[in-house]
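Asks: Residue numbers (the numbering used here), protein chains in the order written: chain A, 12 to 474; chain B, 102 to 191. Before we start, here is the structure in question, set down as structure tokens.
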Amino acid sequence: MSRTVYDLIGLAAGIAFILALKGLSHPKTARRGNLIGAFGASLATLVVFFYSNEGSSLPLNNLGWILGAIAVGLIIGVPAARKVQMTQMPQLVALFNGVGGGAAALVAIVEYLNLGDKATTAVVVFTVFTVIVGCVSFSGSIITFMKLQELMTTRPVIFPAGRFIIAATLVSVIGVGGWVVNSLGTTPLLILAGLSLLFGVLFVLPVGGADVPIVISLLNAFTGLTVAASGYVLDSTLLIIAGTLVGASGTILTRLMAEAMGRSLFGTLFGAFTAKPQDVAAAGEERPVRSGSPDDVAILLNYARRVVIVPGFGLAVAQAQHTVRELADLMISKGIDVAYGIHPVAGRMPGHMNVLLAEANVPYDQLAEMDEVNPTFGQTDVAIVIGANDVVNPAAQTTPGCPIYGMPILEVNNAANIIFLKRSMRPGFAGIENELLYDPKTMLLFGDAKASLTKVVSALKAL
Amino acid sequence: MAIVSIFVLSVFVGFEVVSKVSSTLHTPLMSGANAIHGVILVGAIIVADHSTTNLELGLSVAAIVLATINMVGGFVVTDRMLEMFKGNKK
């Protein structure tokens, strides 16, 4: 296959990626967009087998290894993507992003070893960039994975002199990068990779749980840029186009997400530098709360005219989506006005809750977005908060300096009654105490969300 | 220079295509974009072809495995998310 044909097919794949991103931006075309992207990627992968060793009809060198490695990747990747529970999807995306960054860094390292002293300065500079950013993306994504999987604390990890250590690591990363460019040695490159991995860890550790999605999105954009840089090193226009597209759209998406969460991007990334110990959470003394029984809840609901259900991650963990739908249907049959109030970042990522409720076939028209539902809480008799916490925490509006301050919330505090279904008094993902739990108009129903809801449903049926 | 042009134009296209997205689609869009950068698989295959030492071959085989996971896993999980959106229009 000639270089021209190869490049034209690469161009077709690039166009497929543009159409994919465009399609993914609109609900109706999203699925098709993703399939177009998958088509473009498959095309690009297939065609590379026919290009290399141009002019000869020889297959790729190491063909057996290449095919074997692809098979291993498929055996790991496909089942992971198909079997993952929807609640755990954000951490899987983080992991996929991390391995992509790792792959880009490895590609750059191999090409660097292979070129030896034939490498031009520009190629070495791009290699250094790819190794740094790819390694940061890899180790940073592993940390976000561990936070989301709750393998480690979801709170910001702040250590003494952290600011200093992070800055020193960054300076050494840049310094060693310069060393690589000057010396063209292998050892400096490996040191660079190690330091960059360390920096990725240090960079993500201080980020609080609620901000993790923004960091995943940012690392995703980073990985895109590394792919573009390796495209330069390997003289592949397709990689430049695909990587740049992801880098650019990922940056915009990161900003959009930060806006939806009411966070400044800068504050998210460097918040840890200024974070103070959380006085609110420290006030951990026993305070009285009002807890109720499923019957109490059923009575309250029976006499309500308007009820807003606020689903959170806890609902999904308890797999209670179907039960909550049963409760909603029952209330509707009793003539109660029911809506679901969906916070933009309910769940663990923007739009995550919509996916989870769609899984339970909750009708789309009952889902109300935050801006729509907030003005109606004044006329709402009961707000049922199921396994959510941070997204209804008034501290976001009233307590400057708390980690979620400035995040828009669902103003359930304006409803006449609030019911919290909770497993325990444990604070939410952001690790902040919620004053609303101690409000006199709040009733708490402790227990597994699914079990509690089932009891409420049967109590309400009996009324 | 051609490469700079390609880069700059791609940046603008990338900005344009996602400038207005409802928050509902943020997660699938991130996941889809994530799958697209899995095309680094192409780069991994090219360096595997160039590899002459065992070290290079070993590292590029690792790169191929990781890139395949990124690309194929990414598209499959995005499709699963979007499949659910389709179901609730009925």
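Don't be surprised by glycine CBs; every beta carbon is placed ideally from N, CA and C. Owing to the predicted nature of the structure, the values given are computational and were not obtained by experimental measurement.
(1) Just to confirm, is the Cβ distance from residue 253 of chain A to residue 138 of chain B under 8 Å?
(2) Cβ closer than 7 Å: which chain E residues qualify as neighbours of residue 124 of chain B?
(3) Quick check on DSSP: helix, strand or coil for residue 274 of chain A?
(4) Does DSSP put residue 288 of chain A in a helix, in a strand, or in coil?
(5) By a C-beta neighbour count over all protein chains shown, 10 Å radius and 16 as the cutoff for buried, is residue 145 of chain A buried or exposed?
(6) Assign residue 277 of chain A to one of two classes, buried (16 or more other C-beta atoms within 10 Å of its C-beta) or exposed (fewer than that).
(7) I believe residue 429 of chain A touches residue 466 of chain A by the beta-carbon criterion, under 8 Å. Please report the beta-carbon distance rounded to the nearest angstrom.
(8) Quick one, which of A/45, A/49, A/78, A/93 has its alpha-carbon nearest residue 60 of chain A's?
(9) Excluding the 5 residues preceding and the 5 following residue 223 of chain A in the sequence, name in chain order all residues of the same chain whose CB lies nearer than 7 Å to its CB.
(10) Any idea what DSSP makes of residue 84 of chain A, helix, strand or coil?
(11) Listing by chain order, which chain A residues have their CB less than 9 Å from the CB of residue 102 of chain B?
(12) According to the Cβ coordinates, are residue 379 of chain A and residue 352 of chain A closer than 8 Å?
(13) Go through its chain and collect everything with a Cβ distance to residue 142 of chain A's Cβ below 7 Å, but skip five positions before and after it.
(14) Considering only DSSP beta bridges, list what residue 302 of chain A is partnered with.
(15) To the nearest whole angstrom, what separates the beta carbons of residue 161 of chain A and residue 138 of chain A, a pair I think is in contact under 8 Å?
(16) Should residue 102 of chain A go down as buried or exposed, given a rule of 16 or more other Cβ atoms within 10 Å for buried?
(17) Who are the Cβ neighbours of residue 261 of chain A in its own chain at under 7 Å, not counting the five residues just before and after it?
(18) By the 10 Å Cβ neighbour count, where 16 or more other Cβ atoms means buried, how is residue 103 of chain B classified, buried or exposed?
(19) State buried or exposed for residue 287 of chain A, treating a residue as buried only when at least 16 other CB atoms are found within 10 Å of its CB.
(20) In this structure, how does DSSP classify residue 396 of chain A when only helix, strand and coil are distinguished?
(21) Looking only at DSSP bridge pairs, what is residue 432 of chain A linked to?
(22) Can you pull the chain B residues whose beta carbon is under 8 Å from the beta carbon of residue 154 of chain A, in chain order?
(23) Residue 24 of chain A by DSSP, collapsed to three states: which one?
(24) Decide if residue 447 of chain A is buried, meaning its Cβ has at least 16 other Cβ atoms within 10 Å, or exposed.
(25) Is residue 106 of chain B close to chain A, meaning its C-beta is less than 8 Å from at least one C-beta of that chain?
(26) Could you have a look at residue 378 of chain A and say whether DSSP puts it in helix, strand or coil?
(27) State the Cα-Cα distance for the pair residue 36 of chain A and residue 130 of chain B, rounded to the nearest angstrom.
(28) Check each candidate in A/470, A/365, A/445 and name the one with the smallest Cα separation from residue 433 of chain A.
(29) For residue 133 of chain A, write down the residues that DSSP places opposite it in a beta bridge.
Replies: Result, derived from the coordinates:
(1) yes
(2) Going by chain labels, chain E is absent from the structure shown, which instead holds the protein chains A and B.
(3) coil
(4) At residue 288 of chain A, the pLDDT of 42 sits below 50, so the modelled position is not reliable and the matter cannot be decided from this model.
(5) The residue is buried, with at least 16 neighbouring Cβ atoms inside 10 Å.
(6) Answer is exposed; the Cβ neighbour count stays below 16.
(7) Not a contact, Cβ separation roughly 19 Å.
(8) A/78
(9) Taken in chain order, the residues that qualify are 155, 158, 159.
(10) helix
(11) Under the 9 Å cutoff, chain A gives no residues; its nearest Cβ is about 13 Å from residue 102 of chain B.
(12) Yes, Cβ-Cβ distance for residue 379 of chain A and residue 352 of chain A is below 8 Å.
(13) 116, 119, 120, 200, 203, 204, 207
(14) A/455
(15) Not a contact, Cβ separation roughly 36 Å.
(16) Residue 102 of chain A comes out buried.
(17) 228, 231, 232, 235
(18) Residue 103 of chain B is exposed by the Cβ-count criterion.
(19) Its pLDDT being 44, under 50, residue 287 of chain A is placed unreliably in this model, and the coordinates cannot settle the point.
(20) strand
(21) Residue 432 of chain A is bridged to A/397, A/456.
(22) The contact set of residue 154 of chain A on chain B, defined by CB atoms closer than 8 Å, is empty, because the minimum CB distance reaches about 17 Å.
(23) Helix at residue 24 of chain A.
(24) buried
(25) no
(26) strand
(27) 7 Å
(28) A/445
(29) Residue 133 of chain A pairs with nothing; no bridge assigned.
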